[in-house]
Amino acid sequence: MPLINALKGALIGVALVIPGLSGSIFAVIVGLYEPLLKAIAQFKQDWRQAIGFLWPIGIGAGIGVLLSTKIILWLCTAYPLAAYSFFIGLVLGSLPFIWRKLKKLNWQQVLIAIACGGLMLLITKIGGHQNESDIAIKQLTSLQDFGMLTFTGFFSVSLMVIPGVSGSIMLMIIKQYGTVYHAVSQLLDLLVYLVTGRFEQAGEAFKSVALLLPFMLGAVIGTVIVAKIMHYLLAHYAQYVYAGVLGVILAAIWILAETGVVPAWPAVGGLTTLLGPIALIAVMLVLGAIATIYFDRA
């Protein structure tokens, strides 16, 4: 179970970094969302059990984040059709799970789904695109920097607890995606420098990594607050919450297709030319859906 939870955590970590993906939706997809909320919201009541449950997920998420800053983003750039089709497959595979939670749809739930899906699309459009090289804060030099990064962690991570909200998009909205992305990518470089004895380079990398300290402070505070709210809502209004999640998931499919599949689709060509991309998309959709179903049952 710890290994499976670590793998699930890695998927969540990947979603935290890739713009347009939502860590909370991936937590729903792999069946960890409600257990995570419960562990965080009721941490004081049984902290030993909570830590035992959270640590493999946290380690997996950390590995997923580090992989995303190097490998996953490269895959999304070099092979967008395959990568984003796989992500869409992961999301599609969660629909049976969501439907089981809903049981049946009434008009109120349909309206909630439409509203949440529309809001997700609107937020994504507002966020626009910020390149990871656009670094607003390069190192901590003042209390203002510390306060801004604490707010950044609180704002992006606390909202990310809400299913469907992309932390990356939230960072783009407040123009801090490049800052946080660069700091996380420098963490892996820092470890390499320390292991290889390049301490001068390690010192420079640490100046960027230090930005994550106030960010994590804000993130922890925000996560605890919003996790308690979402835990309450799931306990009393679960079907309405999952109606909103359904809308967000459908919006996420649109966003992922618009972000990675449509731009990579061949501009011209006959049926023969398109057979390859169509087959690739179909295979990756199926693989993604199978992966979700496996993790949901594991």
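In the working numbering, the protein residues as written are 98 to 395.
Cβ atoms here follow ideal geometry from the backbone N, Cα and C, with glycine treated the same way.
Item to check | Anticipated Cβ contact below 8 angstroms, Leu402 with Thr276, distance rounded | outcome: Outside the shown range of the chain, which is 98 to 395, sits residue 402, and nothing can be said about it.
Item to check | beta strand (DSSP E) segments (min. 3 residues) lying fully within the stretch 293 to 372 | outcome: List check, beta strand (DSSP E) in window: nothing returned.
Item to check | Minimum length 3: unbroken beta strand (DSSP E) runs contained in the stretch 138 to 174 | outcome: Runs of the beta strand (DSSP E) lying entirely within the stretch 138 to 174, each at least 3 residues long, are absent.
Checklist entry - Which same chain residues, not among the five before or five after Ala340, have their C-beta less than 6 angstroms away from its C-beta? => result Around Ala340: Gln206, Ile209, Ala210.
Next on the checklist: Check whether the stretch 150 to 159 and the stretch 103 to 120 are in contact - that is, three or more C-beta pairs closer than 8 angstroms.
Outcome noted: Note that the stretch 150 to 159 touches the stretch 103 to 120; at least 3 beta-carbon pairs, one per stretch, sit closer than 8 angstroms.
Next on the checklist: Please classify Asn102 as buried or exposed, where buried requires at least 16 neighbouring CB atoms within 10 angstroms.
Outcome noted: Buried, because 16 or more other Cβ atoms sit within 10 Å of the Cβ of Asn102.
Checklist entry - Looking at Pro374 and Pro363, is the spacing between their C-beta atoms short of 8 angstroms? => result By the CB criterion at 8 angstroms, Pro363 and Pro374 fall inside the cutoff.
Checklist entry - Rounded to a whole number of angstroms, what is the C-alpha to C-alpha distance between Ser282 and Lys167? => result Spanning the two alpha carbons is a distance of roughly 7 angstroms.
Item to check | Within 8 angstroms, strictly: CB atoms of Ala138 and His328 | outcome: It is a contact, given that the beta carbons lie within the stated cut-off.
Item to check | Buried/exposed call for Ile122, threshold 16 Cβ in 10 Å | outcome: The residue in question, Ile122, is buried, as its Cβ has 16 or more Cβ neighbours within 10 Å.
Next on the checklist: Measuring only the C-alpha atoms, how far is Leu219 from Phe140?
Outcome noted: The alpha-carbon atoms of Leu219 and Phe140 are separated by roughly 34 angstroms.
Next on the checklist: What does the alpha-carbon distance come out to for the pair Ile223 and Cys213?
Outcome noted: Note on geometry: alpha-carbon atoms of Ile223 and Cys213 lie some 15 angstroms from one another.
Item to check | Straight-line gap, Phe312 to Lys272 (C-alpha atoms, nearest Å) | outcome: Rounded to the nearest angstrom, the two C-alpha atoms are 14 angstroms apart.
Checklist entry - Around the C-beta of Ile148, are 16 or more other C-beta atoms found within 10 angstroms, so that it is buried, or is it exposed? => result So Ile148 ends up on the exposed side.
Checklist entry - Do Val188 and Val342 have their C-beta atoms within less than 8 angstroms of each other? => result In this structure, Val342 does not lie closer than 8 angstroms to Val188 by Cβ.
Checklist entry - Would Val162 pass as a contact of Leu129 if the rule is Cβ separation under 8 angstroms? => result The Cβ-Cβ distance between Val162 and Leu129 does not fall below 8 angstroms.
Next on the checklist: Considering only the alpha carbon of each residue, which of Leu310, Leu371, Gly385 lies closest to Phe243?
Outcome noted: Of Leu310, Leu371, Gly385, the residue nearest in Cα terms is Leu310.
Checklist entry - If you draw a straight line from the alpha carbon of Ser265 to that of Thr293, how long is it in whole angstroms? => result Rounded to whole angstroms, Ser265 and Thr293 show a C-alpha spacing of 32 angstroms.
Item to check | Ile387, buried or exposed, once every other Cβ within 10 Å from all chains shown has been counted against 16 | outcome: That one is exposed.
Next on the checklist: In whole angstroms, give me the CA-to-CA distance for Gly110 and Gly157.
Outcome noted: Cα to Cα, Gly110 sits roughly 7 angstroms from Gly157.
Checklist entry - If you count every other CB in all the chains shown that lies within 10 Å of the CB of Ala136, and 16 or more means buried, which is it? => result Answer is buried; the Cβ neighbour count reaches 16.
Next on the checklist: Out of Ser119, Leu100, Ile115, which one is the CA nearest neighbour of Val345?
Outcome noted: Cα-wise, what sits closest to Val345 is Ser119.
Next on the checklist: Suppose the cutoff is 7 angstroms on Cβ atoms and the five residues either side in sequence are ignored; what does the same chain contact list for Gly159 look like?
Outcome noted: Contacts found: Gly110.
Next on the checklist: One question on the structure: do Phe252 and Met267 come within less than 8 angstroms of each other, judged by their Cβ atoms?
Outcome noted: A contact, by the Cβ cut-off of 8 angstroms.
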